[in-house]
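Student: Mapped onto the working numbering, the consecutive letters of the sequence shown carry residue numbers 2 to 437. Glycine residues also receive a C-beta, built at the ideal position from the N, C-alpha and C atoms. A quick note: this is a predicted structure, and the numbers were derived from the prediction, not measured. Below is one structure. I have some questions about it.
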Amino acid sequence: MNLLPLIEAKRDGQPLSADQLREIVAAVTSGKIPDYQLAAFLMAVFFRGLSTEETRYLTLAMRDSGERLHFPNDPRPLVDKHSTGGVGDKVSLVLAPLLACLGFRVPMISGRSLGITGGTLDKLESIPGLTTPLAPAQLVAQVQAIGVAMGGQTATMVPADKLLYALRDATGTVPSIPLITASILSKKLAEGISALVMDVKFGAAAFMQTREQARGLAQSIVTLAGECGVKTRALLTPMDTPLGRAAGNWLEVKEAVRCLEGYGPDDLQELVVDCASHLLVLTGKQPELALARTAALRCLATTAPRAKFDELIAAQGGDLAAFRHKLALDHTAPVVLEVITPEEGFITRCDARIIGEVVRDLGGGRMTKDAVIQPDVGVDMLAKPGEAFGRQSLLGRVHAATPAQAEAAVARLRTAFSFSETEPELPPLIAEIIES
Ligand code: URA
2 MNLLPLIEAK
12 RDGQPLSADQ
22 LREIVAAVTS
32 GKIPDYQLAA
42 FLMAVFFRGL
52 STEETRYLTL
62 AMRDSGERLH
72 FPNDPRPLVD
82 KHSTGGVGDK
92 VSLVLAPLLA
102 CLGFRVPMIS
112 GRSLGITGGT
122 LDKLESIPGL
132 TTPLAPAQLV
142 AQVQAIGVAM
152 GGQTATMVPA
162 DKLLYALRDA
172 TGTVPSIPLI
182 TASILSKKLA
192 EGISALVMDV
202 KFGAAAFMQT
212 REQARGLAQS
222 IVTLAGECGV
232 KTRALLTPMD
242 TPLGRAAGNW
252 LEVKEAVRCL
262 EGYGPDDLQE
272 LVVDCASHLL
282 VLTGKQPELA
292 LARTAALRCL
302 ATTAPRAKFD
312 ELIAAQGGDL
322 AAFRHKLALD
332 HTAPVVLEVI
342 TPEEGFITRC
352 DARIIGEVVR
362 DLGGGRMTKD
372 AVIQPDVGVD
382 MLAKPGEAFG
392 RQSLLGRVHA
402 ATPAQAEAAV
412 ARLRTAFSFS
422 ETEPELPPLI
432 AEIIES
């Protein structure tokens with residue numbers, strides 16, 4: 002294998018063929034090519050880009066770099082949702098059981114937290130006993146049996162993405178639209194799904210800082226997914242404010258359970274219902290969005306999705322008695338401090354980036370890929386923009402491992418809020434919908 006001519010070709014802006022991109026992916030998984038050559042290739046792609054065709058070739062080669070999921074024929078459509086990640090984004094925890102109750106099969110392969118962005122796997126693993134590494138055959142069997150599985154990317158599924166992502170992370174080549182598209186879609190295509198809803202976030206705490214960048218990524222994903230036979234819609238959603246009122250692994254599970262029990266919070270419930278509604282329409286289960294929304298809301302109002310979440314936990318080794326006991330506790334971190342405001346008026350800002358940093362620094366997120374997470378730390382009872390309140394009102398609570406960490410987090414959390422005497426205008430939860 003000699004990668005040099007391919008690196009030079011991309012450096013000079015020449016297109017690569019399907020065979021050449023397959024050769025590069027084979028080089029990645031073989032482990033025989035030095036990292037500096039792969040890093041040079043990634044940097045060439047970062048600056049020169051890939052055409053839609055090249056992105057498709059790369060995505061398919063990555064999809065085929067490991068095992069794929071194969072499901073038996075079944076009237077229940079195979080669907081998934083993917084978020085580019087944010088702070089307090091626990092949509093998947095509510096959506097996956099809801100979708101199973103709406104008659105879908107959901108083989109959800111999720112990621113871990115990195116930096117200020119939370120990861121579904123870390124949230125799930127704060128549930129006593131629950132495990133997320135699921136072998137492909139186990140994942141398929143669980144989806145067939147209960148309609149849903151939530152696992153992590155294993156060494157045998159899309160290994161090329163795992164290796165390339167680590168290199169991109171270390172070489173400043175993560176924010177490349179063709180590389181992100183290939184990374185996300187190679188995993189989604191390996192799941193064998195027929196429809197996908199993407200939540201592409203933009204703003205201060207998002208991977209894509211501007212709406213234009215988010216639109217570019219959404220268009221790239223929606224187009225390629227469509228070409229590969231997966232009906233896809235992308236929702237562009239702002240990520241300047243955390244979703245819901247809690248951020249931190251266990252605190253988010255607790256909030257997701259409340260949402261499954263019908264207690265909101267409103268923004269979380271709305272986004273969950275929207276994602277479900279788009280999948281109902283994409284798969285032809287509902288003729289239009291308004292009817293789909295009613296069906297999703299009706300289903301969420303029953304006890305079935307909450308019971309499905311318990312079923313999922315039990316299927317993945319979770320201890321339901323310990324889970325219920327933990328849910329009944331007010332807090333599970335050793336120290337809890339309240340943040341009280343001396344102001345009165347309206348909240349105009351609850352900065353998701355600062356809150357993400359607070360949670361990460363409390364130990365709830367990772368600075369590096371291999372760092373160990375503290376499941377029970379974070380913030381909850383957050384006050385949100387648009388809310389009115391008086392002096393001595395609660396802005397939020399900090400859950401910490403030590404008093405010193407709690408004090409530092411309280412001081413930082415205060416800086417996340419701004420106030421005004423007049424009621425602010427709030428942006429819509431979904432800014433735009435992109436479809437092919
Ligand atoms: N999420 C992924 O899975 N891959 C990327 O490249 C970026 C976000």
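1. Name the two residues that bound the continuous beta strand (DSSP E) containing M63.
2. Mind reading off the beta-carbon distance from A196 to L272? Whole number of angstroms is fine, and I expect it under 8 Å.
3. With three or more beta-carbon pairs closer than 8 Å as the criterion, would you say the segment 84-102 touches the segment 300-310?
4. Short of 7 Å in beta carbon distance, which residues of its chain neighbour D90, apart from the five on each side in sequence? Order them along the chain.
5. Give the C-beta separation of E388 and F418 to the nearest angstrom, bearing in mind that I take them to be a contact with Cβ-Cβ under 8 Å.
6. Can you determine whether any heavy atom of the ligand URA sits closer than 7 Å to the C-beta of V175, and answer yes or no?
7. Which ranges does the alpha helix (DSSP H) cover as unbroken runs of at least 4 residues, wholly within the segment 142-203, from first to last along the chain?
8. Look at L131 and I314 and say whether their C-beta atoms are less than 8 Å apart.
9. Given the structure, does G152 come close to the ligand URA, in the sense that its CB is under 7 Å from one of the ligand's heavy atoms?
10. Closest to T233 by CA distance: which of D241, P239, T224, M240 is it?
11. DSSP three-state label for G357, please.
12. Leaving out the 5 sequence neighbours to the left and right, which residues in its chain are closer than 6 Å to G104 when beta-carbon positions are compared?
13. Give the range of the alpha helix (DSSP H) segment to which F48 is assigned.
14. What are the boundary residues of the beta strand (DSSP E) that F418 is part of?
15. Mind checking who C351 pairs with in its DSSP beta bridge?
16. Nearest-angstrom Cα distance between F48 and P239?
17. Between which two residues does the beta strand (DSSP E) holding H400 run?
18. Check this for me: beta carbons of D162 and M63, under 8 Å apart or not?
19. Need the endpoints of the beta strand (DSSP E) that V88 sits in, please.
20. Would you be able to state if there are at least three C-beta pairs under 8 Å between the segment 105-112 and the segment 133-150?
21. Whose CA, out of D320, G249, L338, P35, lies closest to the CA of D367?
22. Any chance you could list the residues with Cβ under 5 Å from a heavy atom of the ligand URA, keeping chain order?
23. Could you check the C-alpha separation between L190 and S111 for me, to the nearest Å?
24. In whole angstroms, give me the CA-to-CA distance for L168 and C276.
25. May I ask whether a heavy atom of the ligand COA can be found less than 7 Å away from the beta carbon of M2?
26. Between the segment 120-127 and the segment 45-61, can you find at least three pairs of beta-carbon atoms closer than 8 Å?
27. Return the residue from the list R294, L395, L165 that minimises the CA-CA distance to S187.
28. Over what stretch of residues does the beta strand (DSSP E) that includes L328 continue unbroken?
29. Provide the residue span of the alpha helix (DSSP H) that contains K11, from first to last.
30. For my contact list, L435 and A219 are in at a C-beta cut-off of 8 Å; report their separation, rounded to the angstrom.
31. Return the chain-ordered list of same chain residues with a C-beta closer than 8 Å to the C-beta of T182, the five sequence neighbours on each side being excluded.
32. Might you give, ordered along the chain, the residues of its own chain that have their beta carbon closer than 6 Å to the beta carbon of A215, omitting 5 neighbours on each side?
33. Which residue or residues does DSSP assign as beta-bridge partners of L236?
Tutor: Once the coordinates are examined:
1. Against the sequence shown, residue 63 aligns to sequence position 62. Per DSSP, M63 belongs to no beta strand (DSSP E); it is in the alpha helix (DSSP H), 53-64.
2. Taking the first residue of the sequence shown as 1, we reach residue 196 at position 195. Taking the first residue of the sequence shown as 1, we reach residue 272 at position 271. About 17 Å; that fails the 8 Å criterion.
3. yes
4. Locating residue 90 in the sequence shown gives position 89, where the first residue counts as 1. Taken in chain order, the residues that qualify are S84, G119, L244.
5. As a first step, residue 388 is located in the sequence shown; it is residue number 387 there, counting from the start. As a first step, residue 418 is located in the sequence shown; it is residue number 417 there, counting from the start. So it is not a contact: roughly 11 Å between Cβ atoms.
6. Locating residue 175 in the sequence shown gives position 174, where the first residue counts as 1. At least one heavy atom of the ligand URA is nearer than 7 Å to the Cβ of V175, so yes.
7. 160-172, 178-191
8. Reading the sequence shown from its first residue, position 130 is the one you call residue 131. Reading the sequence shown from its first residue, position 313 is the one you call residue 314. Going by C-beta atoms, L131 is nearer than 8 Å to I314.
9. On the sequence shown, position 151 is the one that residue 152 refers to. Incorrect: G152 has no Cβ contact closer than 7 Å to the ligand URA.
10. The residue given as residue 233 occupies position 232 in the sequence shown. Of the listed residues, the one whose Cα sits closest to T233 is T224.
11. Residue mapping note: residue 357 aligns to position 356 of the sequence shown, counting from 1. Here G357 sits in helix by DSSP.
12. By one-based count along the sequence shown, residue 104 stands at place 103. Cβ within range, chain order: R77.
13. As a position in the sequence shown, residue 48 is number 47, starting the count at 1. 36-49 is the span of the alpha helix (DSSP H), which, as asked, contains F48.
14. Numbered from 1 along the sequence shown, position 417 holds the residue referred to as residue 418. Per DSSP, F418 belongs to the beta strand (DSSP E) from 418-421.
15. Start at 1 with the first residue of the sequence shown, and residue 351 comes out as number 350. Answer is F418.
16. The count along the sequence shown starts at 1 and reaches residue 48 at position 47. The count along the sequence shown starts at 1 and reaches residue 239 at position 238. Approximately 27 Å, taken between the alpha carbons.
17. By 1-based counting over the sequence shown, the position of residue 400 is 399. Segment 394-401, the beta strand (DSSP E) holding H400.
18. Reading the sequence shown from its first residue, position 161 is the one you call residue 162. Reading the sequence shown from its first residue, position 62 is the one you call residue 63. Cβ atoms of D162 and M63: closer than 8 Å.
19. In the sequence shown, counting from the first residue as 1, residue 88 sits at position 87. Neither: V88 is in no beta strand (DSSP E) and is coded neither H nor E.
20. Proximity of the segment 133-150 to the segment 105-112 meets the contact definition, three or more beta-carbon pairs being nearer than 8 Å.
21. Reading the sequence shown from its first residue, position 366 is the one you call residue 367. Going by the sequence as given, residue 367 is Arg instead of Asp. G249 is the residue among D320, G249, L338, P35 whose C-alpha sits nearest the C-alpha of R367.
22. I181, S184, I185
23. Here residue 190 refers to the residue found at position 189 when the sequence shown is read from its first residue. Here residue 111 refers to the residue found at position 110 when the sequence shown is read from its first residue. Their backbone Cα atoms lie some 14 Å apart in a straight line.
24. For the purposes of this step, residue 168 is taken as residue 167 along the sequence shown, with counting starting at 1. For the purposes of this step, residue 276 is taken as residue 275 along the sequence shown, with counting starting at 1. Rounded to the nearest angstrom, the two C-alpha atoms are 32 Å apart.
25. As far as ligands go, the structure on display features the ligand URA and does not contain the ligand COA.
26. At 8 Å Cβ cutoff, the stretches do not touch.
27. Along the sequence shown, read from residue 1 onward, the residue named residue 187 stands at position 186. If we check each option's Cα against that of S187, L165 comes out closest.
28. The residue given as residue 328 occupies position 327 in the sequence shown. First-last for L328: 321-329, but that is the alpha helix (DSSP H), not the beta strand (DSSP E).
29. One-based indexing of the sequence shown puts residue 11 at position 10. Where K11 is concerned, the enclosing alpha helix (DSSP H) stretches over 5-12.
30. Here residue 435 refers to the residue found at position 434 when the sequence shown is read from its first residue. Here residue 219 refers to the residue found at position 218 when the sequence shown is read from its first residue. For the record, residue 435 in the displayed sequence is Ile; it is not Leu. Yes, I435 and A219 are in contact; Cβ-Cβ is about 4 Å, under 8 Å.
31. For the purposes of this step, residue 182 is identified with residue 181 of the sequence shown, where counting begins at 1. Cβ within range, chain order: T56, T60, L218, S221, I222, L225.
32. Translated into the one-based positions of the sequence shown, residue 215 becomes position 214. Excluding sequence positions up to five before and after A215, its CB lies within less than 6 Å of the CB of V201, F203, M209, L237, all in the same chain and listed in chain order.
33. As a first step, residue 236 must be located in the sequence shown, where it is residue number 235. Beta-bridge partners of L236 (DSSP): D200, I434.
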